[in-house]
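Peer 1:
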Amino acid sequence: MSSTDIAIHQTDMHHGHDEHEHHHEQNFIEKYIFSQDHKVIAKQYLFAGIIWAFIGGFLSILFRLQLGWPEATFTFLEPILGKWVLNGKLDPEFYLALVTMHGTIMVFFVLTAGLSGTFSNFLIPLQIGARDMASGFMNMLSFWIFFIASVLMFISLFIETGPAAGGWTVYPPLSALPQAIQGSAAGMTLWLISMALFIVSQLLGGVNYITTVINLRTRGMSMTKLPLTIWSFTLTAVLGLLAFPVLLSAALLLIFDRSFGTSFFLSDIYIAGEALSNTGGSAILFQHLFWFLGHPEVYIVILPAFGLVSEVIATNARKPIFGYRAMIGSMLGIAVLSFVVWAHHMFVTGMNPFLGSVFMFLTLIIAVPSAVKVFNWIATLWRGNIRFTVAMLFAIGFVSLFISGGLTGIILGNSALDIQLHDTYFVVAHFHLVMGAAAFFGMFCGVYHWFPKMFGRMMDEKLGFVHFWLTFIAVYLVFMPMHYVGIAGFPRRYYNWTGFEAFNIFTDLNTFISIAAILGFLAQFIFLFNFIYSIFKGRRATENPWHSNTLEWTTPINPGHGNWPGEIPAVYRWPYDYSKPGAEEDFIPQHIPFSQTQSSNLPQERVLE
Amino acid sequence: MVTNLDNNTTGGVHPLKFSLWLIIISIVMMFGAFTSAYIVRREEGNWLEFDLPPIFILTTVMIVLSSITMQLAYNAAKKDNLGMIKLMLSFTFIFGVIFLYGQVNAWGNLVSNNIYFGGMDSNPSGSFLYVLTGVHGFHLITGLIYLAIVLIASFKYKVHSKNMVRIQLCTTYWHFLGGLWLYLYFFLLLNH
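Respectively, the protein sequence lines represent chains E and Y.
Going by my numbering, the first residue of the first sequence is number 1, and it counts up by one from there.
Going by my numbering, the first residue of the second sequence is number 1, and it counts up by one from there.
Here it is, written out as structure tokens:
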């Protein structure tokens, strides 16, 4: 792949870069390590995301082993986990660390950085017709700050007191006091520093994404001709820009509480009968600050998946997306609502019931734009000329998971029902389906669909189908039973429930869930093999393998630095002219002017000919 | 960085200026979080009331003056008045440093009045004051660094009416930092 890259690189150096004053050959480090090219940065994010996903997935398998076989001894884990397994028993505090790190890694490092980082970077310049991001340097900085954050988080897995263990939400006082739990010692410090860097990285990236979309669109690319992917990435970046600074504030105050003796979140705490000196703090204040980020964060995770799925469904159903403007409107609606619902995570913190019902009402309104989106996806599929590519299967799988997980959101959004269901496996099942697995499906859908553009080769379809079906089935087998366990009141984050008479009957169910989870995890290795193998040995891709309309497919098979060898194509039409009656083919790319498609032009388009 | 502004729908705003506004929005969100946390926490009681350090009046005047000189430097750059640019940027820098020095003095004043950042005798009301001034001070330092870069460029005659982007960005950021301090100061006056 590298050799073809260089060949194309040289040719387009002379055509496409008239604005470049110096035509020097980049060396290896400039080209692949400290690259400022958005496509390379996207791949860096993708590889980092995949590595993190496997680490995060592996951690979940470890705690599923404990939950599935509570009486078993895991001496075979000693070579990997060392002293965290004592006499074959997983250390209870390490169990909490596993849960915490699984959440942190998946939410932030995989589904935020891995998903947005990959696809926003890769697709924004290619789909809006720009040579690169507004600031390539800031973009590079964004990745490498993320990399440092990753390294710190990774190191925290190996320190003696273990990684952070207070849950991914790091509520104080548990996370603020090293005396409370081992994980709140050095592990928590690393967690906070890593997250602070992560936030800076996301802000740099987000600023770049928004600026690029607003300022660098090609001629003719009005906001209403943008592919839905771009809309979703832009709104994601806006959410990040507004929400992440608040998390940074909260993290900063927590750092001061932990290391400088302030009392923002700590008050009247007794440890071993001794009162701590901290007075006047409020632990609930942290939850407010955290969830003001935390709730938009789940949309930061799911919005890019919305965009990718919309694009793939329209392309592979060979139909225009149903309700393009409604899709944009619903994403805007979700983005706005995401900032006014945070307290639905806090119904049981003793909040005023009236306030609770306000937040409940706002939360339930989110069902409206979500339902609009689901309706539009299904309407797009309806009587489409569907091609079941792997990406399409994952897109349809996404819609299925989003519906299944979304329905339980309506239940959890009720402040009265939440009293029973709060912090049970019902919640775990809900958010894993609706934002965890669904966002993963969106990501897979994106990887399978845009792989030819990224690497100039196709991924293997048969392995893709096996990967899809195993993953799809495993996800439902894991999370459906969890609803049942959750309704029965089984609390999340518990190391062991065999001591509770009421929950003994669920041992078999938990074993079943664990087996499904392990199978699901193993299925991901099929993807990993397919991914790596296809980069080097995959079938060579054509320029536009999916017969898609968007601009990225007008670039050479391996686009060089600057993306288009010649002039950037201008845009004349929206990106969803699939199966237009009267057209010669079943797709008309965005850069084809109406004058060339007279047979298919609608009456109102005649004036544009 | 690949620039291809000629071929694009630029929307009339320079991408870096647009980026700066986005960065300003994120800083606003951060201080919005701090000040709303301040209000929420204050409502809960157990809140130590104390007088703000009087030196804040002086530092406020300093930062307003620095904003004025910054604007004068910007106007001078538009008119290619190179001597004036250097003079006014230098004044801005000096006022900025005096402001920071005053803020540090304010901390000393707080400590001598037994208002501590952390430890046994601290109360969130004092800690919040340190955080607000400290985080603002940190951003002011970033502003000073950027100002120094523009200042050096002005001494190399690289700031003039044909090369305005740098000083424009600097002016915008500096006014923002001044405005941010005014907001914080009035916020503290009202909530004390």
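Backbone N, C-alpha and C fix where the C-beta goes; we use that ideal spot for every residue, glycine too.
Using CA atoms only, rank isn't needed, just tell me which of Asn601(E), Val390(E), Gly240(E), Asn215(E) is closest to Phe616(E).
Peer 2: As displayed, chain E neither begins before 1 nor continues past 609, which places residue 616(E) out of reach and without an answer.
Peer 1: Tell me the residue span of the alpha helix (DSSP H) that contains Met153(E).
Peer 2: For this step, residue 153(E) is matched to residue 153 along the first sequence. Where Met153(E) is concerned, the enclosing alpha helix (DSSP H) stretches over 136-156.
Peer 1: Please compile the residues from chain E whose C-beta is within a distance smaller than 7 Å of the C-beta of Glu44(Y).
Peer 2: The sequence position of residue 44(Y) within the second sequence is 44, counting from 1. Those within 7 Å of Glu44(Y) in chain E are Ser282.
Peer 1: Any Cβ of chain E within less than 8 Å of the Cβ of Arg166(Y)?
Peer 2: As a working note, residue 166(Y) is residue 166 in the second sequence. Answer no: the Cβ-Cβ gap between Arg166(Y) and chain E never drops below 8 Å.
Peer 1: Answer yes if the stretch 379-386 of chain E comes into contact with the stretch 302-317 of chain E, meaning at least three C-beta pairs across the two stretches below 8 Å, and no otherwise.
Peer 2: Yes: the two stretches touch, three or more of their Cβ pairs being nearer than 8 Å.
Peer 1: For Thr424(E), which beta-bridge partners are listed by DSSP?
Peer 2: Translated into positions along the first sequence, residue 424(E) becomes position 424. Paired residues: Pro491(E).
Peer 1: State buried or exposed for Asn376(E), treating a residue as buried only when at least 16 other CB atoms are found within 10 Å of its CB.
Peer 2: Within the first sequence, residue 376(E) is the residue found at index 376, counting from 1. Buried, by the Cβ-count rule.
Peer 1: Measure from the alpha carbon of Phe472(E) to the alpha carbon of each residue in Phe444(E), Gly489(E), Lys580(E), then state which is nearest.
Peer 2: Stepping through the first sequence from its first residue, residue 472(E) is reached at position 472. When only C-alpha atoms are compared, the closest one is Phe444(E).
Peer 1: Hey, would you say Asp37(E) sits closer than 8 Å to His591(E), going by beta carbons?
Peer 2: Here residue 37(E) is taken as the residue at index 37 of the first sequence, counted from 1. Here residue 591(E) is taken as the residue at index 591 of the first sequence, counted from 1. Cβ atoms of Asp37(E) and His591(E): not closer than 8 Å.
Peer 1: With the cut-off set at 8 Å, would you say Tyr209(E) and Ile124(E) are in Cβ contact?
Peer 2: Working through the first sequence from its first residue, we reach residue 209(E) at position 209. Working through the first sequence from its first residue, we reach residue 124(E) at position 124. Yes, Cβ-Cβ distance for Tyr209(E) and Ile124(E) is below 8 Å.
Peer 1: What is the DSSP secondary structure of Thr498(E), reduced to helix, strand or coil?
Peer 2: Counted from its first residue, the first sequence places residue 498(E) at position 498. Thr498(E) falls in the coil class under three-state DSSP.
Peer 1: Contact between the stretch 485-494 of chain E and the stretch 451-461 of chain E: three or more CB pairs below 8 Å?
Peer 2: Contact fails: fewer than three Cβ-Cβ distances are below 8 Å.
Peer 1: Check whether the stretch 494-503 of chain E and the stretch 473-482 of chain E are in contact - that is, three or more C-beta pairs closer than 8 Å.
Peer 2: No, the stretch 494-503 of chain E does not touch the stretch 473-482 of chain E.
Peer 1: Around the Cβ of His23(E), are there at least 16 other Cβ atoms within 10 angstroms (buried) or fewer (exposed)?
Peer 2: Indexing the first sequence from 1 puts residue 23(E) at position 23. Low confidence applies to His23(E): its pLDDT is 49, below 50, so where it sits in the model is not reliable, and the reading given next is rough at best. His23(E) is exposed by the Cβ-count criterion.
Peer 1: For Ala275(E), write down the residues that DSSP places opposite it in a beta bridge.
Peer 2: On the first sequence, residue 275(E) is found 275 positions in, with the first residue counted as 1. Looking at the DSSP assignment, Ala275(E) forms a beta bridge with Tyr270(E).
Peer 1: Using only the alpha-carbon positions, how far apart do Phe339(E) and Ile271(E) sit?
Peer 2: By 1-based counting over the first sequence, the position of residue 339(E) is 339. By 1-based counting over the first sequence, the position of residue 271(E) is 271. If you take the alpha carbons of Phe339(E) and Ile271(E), they lie about 36 Å apart.
Peer 1: Which residues in chain E have a C-beta closer than 7 Å to the C-beta of Asn123(Y)? List them in chain order.
Peer 2: Taking the first residue of the second sequence as 1, we reach residue 123(Y) at position 123. Chain E residues near Asn123(Y): Gly280.
Peer 1: Tell me the rounded alpha-carbon separation between Ile85(Y) and Ala77(Y).
Peer 2: Walking along the second sequence from the start, residue 85(Y) turns up at place 85. Walking along the second sequence from the start, residue 77(Y) turns up at place 77. Between Ile85(Y) and Ala77(Y), the C-alpha separation is close to 6 Å.
Peer 1: Label Val246(E) either buried or exposed according to how many other C-beta atoms from any shown protein chain fall within 10 Å of its C-beta, with 16 as the threshold for buried.
Peer 2: As a working note, residue 246(E) is residue 246 in the first sequence. By the 10 Å Cβ count, Val246(E) comes out buried.
Peer 1: Residues of chain E with CB closer than 8 Å to the CB of Phe176(Y), please, in chain order.
Peer 2: Within the second sequence, the letter at position 176 stands for residue 176(Y). Residues of chain E passing the Cβ test: none, with the nearest at roughly 14 Å.
Peer 1: Once you ignore the five residues that flank Leu77(E) on each side, which residues in its own chain have a CB closer than 6 Å to its CB?
Peer 2: Walking along the first sequence from the start, residue 77(E) turns up at place 77. So the list reads Val85, once near-sequence residues are dropped.
Peer 1: For His23(E), name the three-state secondary structure that DSSP assigns.
Peer 2: Looking up residue 23(E) in the first sequence gives position 23. The pLDDT assigned to His23(E) is 49, lower than 50, so where the model puts this residue is not dependable, and the model offers no usable value.
Peer 1: Name the residue from Ala97(E), Thr554(E), Ala72(E) whose alpha carbon lies nearest to the alpha carbon of Asn87(E).
Peer 2: Stepping through the first sequence from its first residue, residue 87(E) is reached at position 87. Checking every option, the nearest Cα to that of Asn87(E) belongs to Ala72(E).
Peer 1: Hey, would you say the C-beta of Phe339(E) is under 7 Å away from at least one heavy atom of the ligand HEM?
Peer 2: Of ligands this structure carries none, so the ligand HEM is not represented either.
Peer 1: According to the neighbour-count rule (16 or more other Cβ atoms, all chains shown, within 10 Å of its Cβ), is Asn558(E) buried or exposed?
Peer 2: For the purposes of this step, residue 558(E) is taken as the residue at position 558 of the first sequence. Asn558(E) is buried by the Cβ-count criterion.
Peer 1: Would you say Phe187(Y) faces chain E, with C-beta separation under 8 Å as the test?
Peer 2: Here residue 187(Y) refers to the residue found at position 187 when the second sequence is read from its first residue. It does not: the Cβ of Phe187(Y) has no partner Cβ on chain E nearer than 8 Å.
Peer 1: Taking a Cβ distance cut-off of 8 Å, strictly less, list which residues of the stretch 283-302 of chain E are near chain Y, in chain order.
Peer 2: If the cut-off is 8 Å between Cβ atoms, the stretch 283-302 of chain E has Leu285, His288, Leu289, Phe292 near chain Y.
Peer 1: Residues of chain Y with CB under 8 Å from Ser150(E), in chain order?
Peer 2: To locate residue 150(E), count along the first sequence from 1; it is residue 150. The premise fails here: Ser150(E) is roughly 22 Å from chain Y at the closest Cβ pair, so nothing lies under 8 Å.
Peer 1: Determine the direct distance from the alpha carbon of Trp107(Y) to that of Pro304(E), and round the result to whole angstroms.
Peer 2: Counted from its first residue, the first sequence places residue 304(E) at position 304. Counted from its first residue, the second sequence places residue 107(Y) at position 107. Distance between the alpha carbons of Pro304(E) and Trp107(Y): 45 Å.
Peer 1: Applying the criterion that 16 or more other CB atoms from any shown protein chain within 10 Å of the CB defines a buried residue, is Tyr95(E) buried or exposed?
Peer 2: The residue you call residue 95(E) lines up with position 95 of the first sequence. Answer is buried; the Cβ neighbour count reaches 16.
Peer 1: I need the DSSP call for Phe375(E), collapsed to helix, strand or coil.
Peer 2: Taking the first residue of the first sequence as 1, we reach residue 375(E) at position 375. Helix, per DSSP.
Peer 1: Can you give me, in chain order, the residues of the stretch 209-241 of chain E that have a beta carbon less than 7 Å from any beta carbon in chain Y?
Peer 2: Residues Ile210, Thr211, Ile214, Asn215, Leu216, Arg217, Thr218, Arg219, Met221, Leu241.
Peer 1: Return no unless some Cβ of chain E is closer than 8 Å to the Cβ of Ser161(Y).
Peer 2: Position 161 of the second sequence, counted from the first residue, corresponds to residue 161(Y). It does not; no Cβ of chain E falls within 8 Å.
Peer 1: Can you tell me where the alpha helix (DSSP H) with Asp257(E) in it begins and where it stops?
Peer 2: Residue numbering aside, residue 257(E) sits at position 257 when the first sequence is read from its first letter. Run containing Asp257(E): 228-259, per the alpha helix (DSSP H) assignment.
Peer 1: Along the stretch 181-196 of chain E, what residues have a CB closer than 9 Å to any CB found in chain Y?
Peer 2: Result list empty, no residue passes.
Peer 1: Within 8 Å of any Cβ in chain B, is that where the Cβ of Thr550(E) sits?
Peer 2: Of the chains in the structure shown, none is chain B; the protein chains are E and Y.
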